[in-house]
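> In mature numbering (1 follows the signal peptide of the UniProt record, and there is no 0), the protein residues as written are -22 to -1, 1 to 220. For every residue, glycine included, the Cβ atom is placed at its ideal position computed from N, Cα and C.
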């Protein structure tokens, strides 16, 4: 007579499920951010600015653009920069550009669940019955368990994944009068991006802006990569800036 060890199987399921949820939770909060920055070391950038947007959104009417601009202002304040009361007297023009690139497919190594098929079996259970006189008796009966699948672990496989690049570019140039002959010089530029399976630019913007702070006026010789948790204090500072 085949019997199934239900408590053991249930415990195994719970442990594996807990491991999966813990792994997914960490990945959800963590962003892999790529940084490319350049600075003009021959030109002082000053500390006052006026802000413009490149993607066409008006921060006065477009909520997403307003959020992006406020996040960038918070990042700039982290470096001691401030918005000039009179835009014409600002020492530089800070341009904000953000967007989501078209999706593309990449092939990645991923851990995928492995299931084992468990054949159904017969097990015995004790059930109460009532006699015609009302007396309760117990008897053993056989029940059939249907076939099932059990999660037994994970294995590495190469699978196609659709990814989206979400980016934020913050750049500064001289604030020159429109009548000047010489074009304004670029003072610095910071490009930060995150590639992931989601296209939620709104959730990514405060994370990306928190990275901008450390790279204003810095030149990276090559792309740098950092991991940022959306619950970090630096991200909370950017959000509070709104």
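For the beta strand (DSSP E) that contains residue 204, what are its first and last residues?
By 1-based counting over the chain shown, the position of residue 204 is 226. Residues 202 to 207.
> Quick check on residue 140: buried or exposed, where buried means 16 or more other Cβ atoms within 10 Å of its Cβ?
What you label residue 140 is simply residue 162 of the chain shown in a count that begins at 1. Flag for residue 140 reads exposed.
> Ordered along the chain, which non-local residues of its own chain (more than five positions away) have a Cβ less than 8 Å from that of residue 109?
For the purposes of this step, residue 109 is identified with residue 131 of the chain shown, where counting begins at 1. The answer, listed in chain order, is 115.
> Once DSSP output is grouped into helix, strand and coil, what is the label at residue 96?
Taking the chain shown and counting its residues from 1, the one referred to as residue 96 is at position 118. Residue 96 falls in the strand class under three-state DSSP.
> Runs of 4 residues minimum, wholly inside the region 33 to 64: which ones carry the alpha helix (DSSP H) assignment?
Taking only runs of at least 4 residues, the alpha helix (DSSP H) segments lying wholly in the region 33 to 64 are 41 to 55.
> Quick check: what's the CA-CA separation for residue 118 versus residue 100?
Within the chain shown, the letter at position 140 stands for residue 118. Within the chain shown, the letter at position 122 stands for residue 100. Those two C-alpha atoms are separated by around 13 Å.
> Anyone know if the C-beta pair for residue 50 and residue 146 falls short of 9 Å?
Position 72 of the chain shown holds residue 50. Position 168 of the chain shown holds residue 146. Yes, these two residues count as a Cβ contact at 9 Å.
> On the three-state DSSP scale, how would you describe residue 194?
What you label residue 194 is simply residue 216 of the chain shown in a count that begins at 1. DSSP places residue 194 in coil when its eight states are reduced to three.
> Out of curiosity, what's the CA-to-CA distance linking residue 177 and residue 216?
Translated into positions along the chain shown, residue 177 becomes position 199. Translated into positions along the chain shown, residue 216 becomes position 238. Whole-angstrom Cα-Cα distance: 20 Å.
> Which of the three DSSP states, helix, strand or coil, is assigned to residue 163?
Within the chain shown, numbered from 1, the residue matching residue 163 stands at position 185. Residue 163 falls in the coil class under three-state DSSP.
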